[in-house]
Structure formats: C-alpha cells, structure tokens
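A.B. asks:
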Amino acid sequence: EAAVTQSPRNKVTVTGGNVTLSCRQTNSHNYMYWYRQDTGHGLRLIHYSYGAGNLQIGDVPDGYKATRTTQEDFFLLLELASPSQTSLYFCASSDGRGYEQYFGPGTRLTVL
Amino acid sequence: GDSVTQTEGPVTVSESESLIINCTYSATSIAYPNLFWYVRYPGEGLQLLLKVITAGQKGSSRGFEATYNKETTSFHLQKASVQESDSAVYYCALGGVSNTNKVVFGTGTRLQVLP
Chain G
2 EAAVTQSPRN KVTVTGGNVT LSCRQTNSHN YMYWYRQDTG HGLRLIHYSY GAGNLQIGDV
62 PDGYKATRTT QEDFFLLLEL ASPSQTSLYF CASSDGRGYE QYFGPGTRLT VL
Chain R
19 GDSVTQTEGP VTVSESESLI INCTYSATSI AYPNLFWYVR YPGEGLQLLL KVITAGQKGS
79 SRGFEATYNK ETTSFHLQKA SVQESDSAVY YCALGGVSNT NKVVFGTGTR LQVLP
C-alpha cells in the first residue's frame with residue numbers, strides 16, 4: 002500500500018491550459034513538498050507545506066500555485082501552463098524530523 | 019548557498035564490477051547537515067537508500083555504502099560488486115538547510131549495469 006500517491010501519472014495539455022496535480026499521503030506526516038525534476042537540474046522545490054492551510058514558497062515557484070486542503074492532500078496548480086513547465090513532478094512527505102522524505106511515483110506533464 | 023555536486027551520468031559498468039559515484043557538498047547554512055543517498059528505479063519515485071547524520075560515520079544498505087567526510091565535504095557512494103538490478107538514478111542530498119525541513123538534491127546520476 003503506497004503511502005504517497007499522485008494523480009494523474011501522465012498529463013498532456015496545451016499552452017495556456019489549466020492543470021491540477023494531486024498528491025495524497027497516508028503517512029500522517031505534517032510536511033508535504035512539490036518538486037520538479039529536469040535533466041541537469043536535479044529536484045527543484047516548487048512549494049511546500051507544514052500543515053493544512055499552510056503554504057511555503059520554494060525555490061522555483063513562478064507559474065505555480067499550491068494548496069494544502071487536509072493533512073493528507075496537497076495540490077499543485079498551473080493556471081496558464083507553458084512549455085517550460087513540461088517536466089516530471091514529484092510529491093513527497095516528511096515527519097519533519099531527520100529530514101527524510103517519502104516520495105510519490107511522479108507525474109509526467111507535457112505542455113504542447 | 020547550500021549545494022550538492024555529484025558524478026555526471028550516465029555511468030555504465032558491467033555486472034560484478036565495482037562502482038563509485040562521487041558526491042561533494044557545500045553547506046553554508048548548517049554546520050552538520052544530514053546526508054542522504056536516494057535511488058529512483060524506472061517508473062517509481064525516489065526512495066531512501068541510506069543516510070548518515072554524524073560526521074565520520076558510514077551508512078550502508080543493499081551492498082552500498084557511503085562515509086560522511088566533513089574534512090573533504092564528501093559523501094561518495096560505493097559498491098564492491100554491482101548487479102543488473104542496480105540500474106537506476108542515484109541522488110545525493112543534503113538535509114536541514116537554513117534550519118528548515120528543506121532538502122537540497124544533486125542532479126542525479128544514471129547508472130546502467132550491463133549483464
């Protein structure tokens with residue numbers, strides 16, 4: 002039983018389109034994170050949260066919004082998608098101690 | 019700032035050969051960061067391979083090992099004899115930056131093990 006799940010696993014949209022990526026964790030963790038993974042860049046932090054209703058800005062937040070509706074659910078919103086947002090997106094959770102993170106399987110987003 | 023530099027891939031080795039993936043870090047916001055190696059198999063998310071939180075200590079898992087060397091700011095990943103199933107992307111990471119729960123990841127090193 003996967004503790005961090007993401008949906009959809011693959012998504013194709015057009016420039017200017019509206020996209021929501023979903024993440025759910027059953028680890029009872031307070032912290033949740035959204036990353037993007039691009040060749041040559043490693044994982045870059047977009048947004049993170051330490052609880053329902055909380056949002057913290059990451060290192061590459063431009064063009065992204067996020068919302069943490071419950072302890073379990075964290076959403077990433079692209080309201081006007083651009084080709085530069087084509088990437089592999091990972092969600093992760095953490096209990097806030099020791100910095101170890103638990104990752105979902107990823108969502109591959111293509112913006113045409 | 020805080021950063022991680024690791025071997026640029028892809029790295030190709032034959033089964034039963036030895037492996038080393040280099041990782042060096044720069045930690046300006048924290049004196050003793052926690053250090054990690056994560057692995058990502060095809061179609062899956064990252065999973066923790068090993069972690070070390072104390073300088074001078076060695077971590078090991080699944081035949082892989084890495085030593086936290088504060089003098090050389092290194093955390094190289096080694097394995098004496100790789101298997102085809104070790105083919106994956108390996109990420110070195112540094113935790114606790116800026117006294118937050120943020121983690122800085124390296125760019126990842128793709129390993130291909132030939133049968």
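Chains as they are written, first to last, in this note's numbering: chain G, 2 to 113; chain R, 19 to 133.
For glycine and all other residues, C-beta sits at the position ideal for the given N, C-alpha and C.
What you are looking at is a predicted structure, and each value in this text was computed from that prediction instead of being measured.
#1: In chain R, which residues lie less than 9 Å from P106(G) when you measure between Cβ atoms?
#2: Is the stretch 66-83 of chain G close to the stretch 36-50 of chain R, with three or more CB pairs under 8 Å?
#3: Apart from the five residues just before and just after Y50(R), which ones in its own chain have a Cβ nearer than 7 Å to its Cβ?
#4: Any beta carbon of chain R sitting closer than 7 Å to that of L44(G)?
#5: What is the rounded straight-line gap between the Cα of G64(G) and the Cα of T14(G)?
#6: Taking V70(R) as the reference, which of R109(G), L113(G), V112(G), Y100(G) has the closest Cα?
#7: Could you check where the beta strand (DSSP E) with Y56(R) kicks off and where it finishes?
#8: Under 7 Å between beta-carbons, which chain R residues line up against Q102(G)? List them in chain order, please.
#9: Please confirm whether Y32(G) has its beta-carbon closer than 7 Å to some beta-carbon of chain R.
C.D. replies: Considering the structure as presented:
#1: G61, E62, G63
#2: no
#3: A73
#4: Chain R contact via Cβ: present.
#5: 15 Å
#6: It is Y100(G).
#7: 52-58
#8: For a Cβ distance threshold of 7 Å, residue set V121 of chain R lies close to Q102(G), ordered along the chain.
#9: yes
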